[in-house]
Structures are given as C-alpha cells and as structure tokens.
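Q: Encoded as structure tokens, here's the structure I'll be asking about.
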Amino acid sequence: MSHLLVTGGAGFIGSNFVHHVLATTDHTVTVLDALTYAGNRASLDGLPADRFTFVKGDITDVAVVDALVKDADAVVHYAAESHNDNSLDNPFPFVHTNLIGTYTLLEAVRKHGKRYHHISTDEVYGDLELDDPAKFTETTPYNPSSPYSSTKAGSDLLVRAWVRSFGVQATISNCSNNYGPYQHVEKFIPRQITNVIRGIRPKLYGAGENVRDWIHADDHSSAVLTILEKGTIGETYLIGADGEKNNKDVVELILTLMGQPADAYDHVTDRPGHDMRYAIDSTRLRTELGWAPSFQDFESGMKATIDWYRAHEAWWAPAKDKTEAFYASKGQ
Numbered sequence: 178m179s180h181l182l183v184t185g186g187a188g189f190i191g192s193n194f195v196h197h198v199l200a201t202t203d204h205t206v207t208v209l210d211a212l213t214y215a216g217n218r219a220s221l222d223g224l225p226a227d228r229f230t231f232v233k234g235d236i237t238d239v240a241v242v243d244a245l246v247k248d249a250d251a252v253v254h255y256a257a258e259s260h261n262d263n264s265l266d267n268p269f270p271f272v273h274t275n276l277i278g279t280y281t282l283l284e285a286v287r288k289h290g291k292r293y294h295h296i297s298t299d300e301v302y303g304d305l306e307l308d309d310p311a312k313f314t315e316t317t318p319y320n321p322s323s324p325y326s327s328t329k330a331g332s333d334l335l336v337r338a339w340v341r342s343f344g345v346q347a348t349i350s351n352c353s354n355n356y357g358p359y360q361h362v363e364k365f366i367p368r369q370i371t372n373v374i375r376g377i378r379p380k381l382y383g384a385g386e387n388v389r390d391w392i393h394a395d396d397h398s399s400a401v402l403t404i405l406e407k408g409t410i411g412e413t414y415l416i417g418a419d420g421e422k423n424n425k426d427v428v429e430l431i432l433t434l435m436g437q438p439a440d441a442y443d444h445v446t447d448r449p450g451h452d453m454r455y456a457i458d459s460t461r462l463r464t465e466l467g468w469a470p471s472f473q474d475f476e477s478g479m480k481a482t483i484d485w486y487r488a489h490e491a492w493w494a495p496a497k498d499k500t501e502a503f504y505a506s507k508g509q
C-alpha cells in the first residue's frame with residue numbers, strides 16, 4: 178500500500194493522519210477534500226511535495242472519486258459531516274456526505290479492487306449510564322441518537338454490506354473523542370482553549386457530567402495505520418486510550434493549565450439529546466494487532482494541545498467569531 182487516498186484529509190483527524198503517515202512511513206498520499214468550513218488547507222502546509230498531492234473535490238462526485246481510487250493502492254475514508262450541534266440544526270448535509278459519499282467510495286473501490294478503511298465513531302453505539310461499568314465493544318448494538326451518529330451508523334452498515342455482498346476489502350474503526358492540533362474551534366476542547374486565549378469564559382453544557390473517552394489524534398492515527406497494515410478484512414476495531422473524563426473536569430483542567438481559576442467558566446443550555454457517557458474497550462486492537470497509545474497521560478496531551486493553539490492563532494482565528502456567534506444565538 179504505497180499510495181494512499183485520504184478523504185477529508187484537510188479536516189482535523191484526517192490532517193493529523195496525513196502528517197503521521199508522511200512522518201513515519203514511505204507512503205505517498207493524495208488528499209481529497211471539499212474544503213467545507215471544517216476543512217482547512219493550511220492544516221496540510223509544509224508537507225513534502227514529492228509525496229503529497231491535494232485535490233479539492235466532493236466524495237459524492239463519481240468521476241473525481243473513480244479517477245483517484247483507480248490510482249491509489251488503498252483508500253482511508255475520513256471525510257464526514259461530524260458535529261452534533263450542526264446535525265441538529267440542518268441534518269441534510271450529514272445524509273448527503275456520510276451516506277451518499279460513503280456509497281460513492283464503496284462503489285469505486287469495488288470497481289477497482291482496492292483496499293478500503295472506514296473511519297467511524299463510538300457515537301454509533303449511543304451512550305452508557307454514568308454508573309455503568311461496561312464499555313463499548315465491537316459487538317455492542319448500534320443505538321445512535323442524533324442525525325450525525327445515525328448517518329455514521331448507516332455508513333458503517335453500508336461498508337459491512339459491501340464486504341459481505343461484493344467482497345470489498347474493507348475494515349472499520351470506531352474511535353472515541355479526539356483532541357489535538359488542527360481541530361475546529363466549534364469542538365469542545367479547542368473552543369474552551371481559544372476562549373481562554375481570547376479572554377472569554379469557557380462554556381459548559383448543563384452540569385458538565387457528560388463523560389467522553391478522550392484520545393490524542395496522534396494515537397488515533399497510529400491505530401488506523403496499524404489496522405490498515407495488519408487488520409483482518411471485514412472486521413471492526415475499536416480505538417480508545419482509556420481517557421474517560423467528564424466535561425466539567427476537562428474544562429477545569431484547561432483553566433488550571435492556562436493559569437486561570439478552575440471555576441472561571443459559565444454553565445449554558447444543554448444540547449438536546451446530549452449523550453451521557455462514551456467508553457471504549459480497545460482490547461481487540463491491542464491484543465490482536467499489538468497497538469498501544471503513546472499519550473497515556475491526558476494532562477500531558479492537553480498541555481501539548483494548549484501549546485499548539487497558543488502558537489497557531491492565525492490558523493484558528495478566522496473561524497472563531499462566526500462560531501461564537503452561532504453558539505450565542507442558541508444561548509450556548
């Protein structure tokens with residue numbers, strides 16, 4: 178698999194994967210990205226021109242997708258509409274990109290006989306009770322709760338059907354919440370960090386009891402590369418780093434690390450249908466494929482993330498005012 182086609186490679190998790198691949202392997206990479214508001218071409222600045230190509234285009238464009246898949250050895254599909262708040266505001270782009278886009282890619286890899294890896298989310302499983310000792314596994318039933326998570330669940334099922342019905346050489350990974358460089362300021366962690374940088378009090382949905390299982394984007398990238406190279410065709414692997422934290426603790430850690438009082442935040446109106454807890458059991462990935470996260474300490478990963486946002490205000494500033502205006506309109 179010397180040449181990878183990475184869809185959504187100008188987005189947060191996709192761009193981190195592209196940087197990881199080019200830094201740790203000899204592969205070449207072509208990125209296909211529509212550069213919607215969540216895609217940022219600057220996230221791919223500085224990559225080696227002899228090993229990296231960027232194509233602006235839509236994953237639902239059959240002609241563009243067909244030509245790029247034909248020339249690739251493998252496809253890694255990150256491209257997705259991915260923000261729950263936006264899916265509640267307007268579900269249609271999520272149906273279009275996450276379902277029609279995935280279908281278009283699957284048909285192309287079926288036609289050309291290419292290896293395919295599908296990036297998904299733990300949100301397809303719904304949520305867990307705060308006092309439930311269980312974690313999500315590869316056999317947890319799907320129970321999505323938003324237009325975002327339901328369209329991601331649908332895209333996962335398309336992949337499984339194309340494997341079974343047409344023999345497509347595909348794997349799936351469902352990952353817990355990512356944090357790290359290049360994440361859009363609409364997301365929870367970068368929103369709080371950039372608020373503090375701007376002198377704005379962070380915002381916390383409801384009581385902040387909702388628990389997420391955090392993983393640094395570098396660790397997600399290494400896991401995906403491991404699955405691509407060693408994973409069993411037709412199988413699903415859960416990616417997690419045992420990073421369960423509730424939102425209140427995360428906000429207070431950010432404030433503390435940035436030299437502010439831990440209670441210097443505001444409670445805002447909770448999101449409709451806000452899932453309570455996600456937790457990933459990544460035992461299969463670790464035991465069968467030998468993967469392990471490098472960021473085992475959430476605090477050290479958060480320090481590195483804060484340092485990145487402090488050093489890259491030119492990257493995130495253009496989107497900040499519009500994002501805050503959107504949340505203000507919703508009392509959040």
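Under the numbering used here, the first residue of the sequence shown carries the number 178, and numbering increases by one thereafter.
Ideal Cβ placement from N, Cα and C applies to all residues, glycine included.
Relative to the alpha-carbon of aspartate 243, which residue among Asn275, His260, Phe229 and Thr279 has its alpha-carbon at the smallest distance?
A: It is Thr279.
Q: Give the straight-line distance between the Cα atoms of alanine 400 and tyrosine 325, rounded to the nearest whole angstrom.
A: Whole-angstrom Cα-Cα distance: 23 Å.
Q: For histidine 204, which residues of its own chain have a beta-carbon under 8 Å away from its beta-carbon, when the five flanking residues on both sides are left out?
A: Result list for histidine 204: Met178, Ser179, His180, Leu181, Val198 and Arg228, in chain order.
Q: Is the region 455 to 473 touching the region 337 to 345 in the sense that three or more CB pairs, one from each, lie closer than 8 Å?
A: Short answer: they don't touch.
Q: Measuring only the C-alpha atoms, how far is valine 428 from glycine 290?
A: One C-alpha to the other measures close to 46 Å.
Q: In its own chain, which residues sit with a C-beta less than 7 Å from the C-beta of tryptophan 485, not counting the 5 before and 5 after it?
A: Within the same chain, tryptophan 485 has close Cβ partners Pro358.
Q: Histidine 444: buried (16+ other C-beta within 10 angstroms of its C-beta) or exposed?
A: With fewer than 16 other Cβ atoms within 10 Å, it is exposed.
Q: What's the C-alpha gap between threonine 425 and tyrosine 356?
A: In the sequence as presented, threonine is not what sits at residue 425; that position holds lysine. One C-alpha to the other measures close to 16 Å.
Q: Which same chain residues end up closer than 7 Å to proline 268 when comparing Cβ atoms and leaving out the 5 residues on each side of it in sequence?
A: These residues qualify, in order along the chain: Pro324.
Q: If we call anything under 7 Å between Cβ atoms a contact, is valine 253 one with valine 286?
A: In this structure, valine 286 does not lie closer than 7 Å to valine 253 by Cβ.
Q: With a Cβ-Cβ cutoff of 7 Å, do threonine 207 and glutamate 363 count as a contact?
A: Their beta carbons are not under 7 Å apart, which means threonine 207 does not touch glutamate 363 by this criterion.
Q: Less than 7 Å separating the beta-carbons of alanine 256 and leucine 221?
A: No. Outside cutoff.
Q: Going by other Cβ atoms of all chains shown within 10 Å of its Cβ, with 16 needed for buried, is glutamine 360 buried or exposed?
A: Looking at its Cβ environment, which holds 16 or more other Cβ atoms inside 10 Å, glutamine 360 is buried.
Q: Thinking aspartate 458 and phenylalanine 343 are a contact (beta carbons under 8 Å), I'd like their distance in whole angstroms, please.
A: With a Cβ gap of about 30 Å, aspartate 458 and phenylalanine 343 do not count as contacting.
Q: Between the Cα of glycine 191 and the Cα atoms of Leu209, Glu412 and Thr237, which residue gives the shortest distance?
A: Of the listed residues, the one whose Cα sits closest to glycine 191 is Leu209.
Q: Is the Cβ-Cβ distance between threonine 237 and glutamate 258 less than 7 Å?
A: No, the Cβ-Cβ distance between threonine 237 and glutamate 258 is not below 7 Å.
Q: If you check the beta carbons only, do tryptophan 468 and threonine 403 fall under 7 Å apart?
A: In contact: tryptophan 468 and threonine 403 (Cβ atoms closer than 7 Å).
Q: Strictly by DSSP, which residues pair up with valine 362?
A: None, per the DSSP bridge assignment.
Q: If we ignore side chains and look at the alpha-carbon of each, how far apart do tyrosine 455 and phenylalanine 189 end up?
A: C-alpha separation (whole angstroms): 20 Å.
Q: Arginine 337 by DSSP, collapsed to three states: which one?
A: Helix at arginine 337.
Q: Out of Gly450, Thr298 and Thr317, which one is the CA nearest neighbour of tyrosine 382?
A: Answer by Cα proximity: Gly450.
Q: Measuring only the C-alpha atoms, how far is leucine 305 from methionine 453?
A: C-alpha separation (whole angstroms): 6 Å.
Q: Check the DSSP bridge columns for serine 297 and list the partner residues they point to.
A: DSSP output for serine 297 lists Asn351 as bridge partner(s).
Q: Can you list, in chain order, the stretches of the beta strand (DSSP E) that have 3 or more residues and sit fully within the region 395 to 435?
A: Runs of the beta strand (DSSP E) inside the region 395 to 435: 413 to 416 and 421 to 423.
Q: Quick test of your reading: aspartate 250 and arginine 292, contact by CB under 8 Å. State the CB separation rounded to the nearest angstrom.
A: Between arginine 292 and aspartate 250 the Cβ distance is about 7 Å, and since that is below 8 Å, they are a contact.
Q: What would DSSP say about threonine 317, mapped onto helix, strand or coil?
A: Threonine 317: coil per DSSP, three-state reduction.
Q: Check whether the Cβ atoms of alanine 439 and threonine 446 sit closer than 7 Å, and answer yes or no.
A: Against a cut-off of 7 Å, the Cβ pair of threonine 446 and alanine 439 comes out as no contact.
Q: Have a look at the DSSP bridge pairing and note the partners of phenylalanine 231.
A: In the DSSP output, where bridge partners are listed per residue, phenylalanine 231 has Val208.
Q: Please state if the CB of valine 232 and the CB of threonine 281 are separated by a distance shorter than 7 Å.
A: Taking 7 Å as the Cβ cut-off, threonine 281 and valine 232 do not qualify as a contacting pair.
Q: Under the three-state reduction of DSSP, which class applies to histidine 254: helix, strand or coil?
A: Histidine 254 falls in the strand class under three-state DSSP.
Q: Based on DSSP bridge pairs, tell me the residues matched to lysine 380.
A: According to DSSP, lysine 380 bridges with Asp443.
Q: Helix, strand or coil, according to DSSP, for proline 448 in the structure here?
A: It is worth fixing the name first, because residue 448 is arginine in this sequence and not proline. Looking at arginine 448 - three-state DSSP - the assignment turns out to be coil, as it is neither helix nor strand.
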